[in-house]
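Protein chains: 2
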Amino acid sequence: MARARTTFDPFNALAEPKRRALLEALVVKELTVNQIVEIMKWSQPMVSKHLSVLKQVGLVSERKEGRYRIYKVNAAQLKPIQKWVIQFEQYWSNSLDHLEVYLNEVQSKEVKDG
Amino acid sequence: MARARTTFDPFNALAEPKRRALLEALVVKELTVNQIVEIMKWSQPMVSKHLSVLKQVGLVSERKEGRYRIYKVNAAQLKPIQKWVIQFEQYWSNSLDHLEVYLNEVQSKEVKDG
DNA sequence: TTGATATATTCCTATATGGGTATATATTAT
DNA sequence: ATAATATATACCCATATAGGAATATATCAA
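Chains A and B, in that order, are what the protein sequence lines are. Taking this note's numbering, I'd label the letters of the first sequence as residues -5 to 108. Taking this note's numbering, I'd label the letters of the second sequence as residues -5 to 108.
Have a look at this one:
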């Protein structure tokens, strides 16, 4: 079987880098489709399709205004993702950040190997 | 073109629910492949393949011990994901909803530009 | 009405993938 | 050496895309 559906899972929706970029643009301010097209330099159908995925998982919402559709981020839908990630937070130590840990590992490895 | 490679992007690695389940199991304690097979009731190759993806993006690390490979979570690799999500945190805060934030930004921009 | 603009959708293709089965590789035990 | 165990990998297939091109739909303008 192929990959699981991206369409019903926010994790999956975010797996596509373009969609993350889209959210980053939209969080600054709500935009119409064509404004996104201009900003992103993507084709219009491409923008519409990615927006459609984001809408299906609730990460953006859309309202109609005349010919325009105005999209905005629904950031609350990111909360479940953060909650999932936070489960693991205790396992990356507070006192040392990852870089330090990494450097220490490299250092002790060099000491051991050298 | 098909979907972007899952193999080099932690977001993509987490897009697969089975891999998230795997991390949840591993964060409790490190496990060998066969222990995971028993716990998860997945086929051995399936476990190995998902572990391989997680390893490639650095979300797990592996050490060899005799015939066994012991896998453990490298939770620090989740930090970039959390950082990405946190960018949006102010927008799901209770005190301000997105519209208010937007209006404030527009207002200050107008003040600056006007 | 006719045309222009804004957006969504349909159709197509190429491809990365998830899962299964079989097999390869490594290590330990006899 | 041979067998058994632990794990990874190769191969195959079905499928869900992502993207492009063309088209449909909706709204506004003349």
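Even for Gly, the Cβ is constructed at its ideal location relative to N, Cα and C.
- Between the alpha carbons of residue 64 (chain A) and residue 42 (chain B) lies a gap of roughly 45 Å.
- Three or more beta-carbon pairs separated by less than 8 Å are not found between the segment 52 to 60 of chain B and the segment 78 to 88 of chain B, which leaves the two stretches without contact.
- Its Cα nearest to that of residue 48 (chain B), the residue B:70 stands out among B:70, B:32, B:77 and B:80.
- For residue 69 (chain B), the C-beta contacts it makes with chain A under 7 Å involve 82, 85 and 86, in order along the chain.
- Close to residue 21 (chain A), with beta-carbon spacing below 7 Å, are these residues of chain B in chain order: 82 and 85.
- Note that the segment 1 to 16 of chain A touches the segment 4 to 20 of chain B; at least 3 beta-carbon pairs, one per stretch, sit closer than 8 Å.
- For residue 67 (chain B), the enclosing beta strand (DSSP E) stretches over residues 62 to 67.
- In chain order, 54, 65, 66 and 67 place their CB closer than 7 Å to the CB of residue 20 (chain B), counting only its own chain and leaving out the 5 sequence neighbours on each side.
- DSSP places residue 56 (chain B) inside the beta strand (DSSP E), whose first and last residues are 54 to 59.
- Per DSSP, residue 73 (chain B) is one residue of the alpha helix (DSSP H) stretching across 73 to 80.
- Minimum Cα-Cα distance from residue 15 (chain B) among the listed residues B:62, B:33, B:26 and B:77 corresponds to B:33.
- Listed by position along chain A, the residues whose Cβ is nearer than 8 Å to that of residue 29 (chain B) form an empty set, because the closest Cβ is around 19 Å away.
- Residue 80 (chain B) counts as exposed, since fewer than 16 other C-beta atoms from the protein chains shown sit within 10 angstroms of its C-beta.
- For residue 5 (chain A), the enclosing alpha helix (DSSP H) begins and ends at 4 to 9.
- Residue 9 (chain B) has a beta carbon lying within less than 8 Å of a beta carbon in chain A.
- Taking a Cβ-Cβ cut-off of 9 Å, residue 16 (chain A) has no neighbours in chain B, whose nearest Cβ is about 13 Å from it.
- Bridge partners of residue 25 (chain B) according to DSSP: B:65.
- Its chain contains 67 as the residues whose beta carbon lies nearer than 6 Å to that of residue 17 (chain B), once the 5 sequence neighbours on both sides are disregarded; these appear in chain order.
- When secondary structure is reduced to three states using DSSP, residue 35 (chain A) falls in the coil class, being assigned neither helix nor strand.
- Put simply, of A:13, A:12, A:74 and A:60 the residue whose alpha carbon is nearest the alpha carbon of residue 26 (chain A) is A:60.
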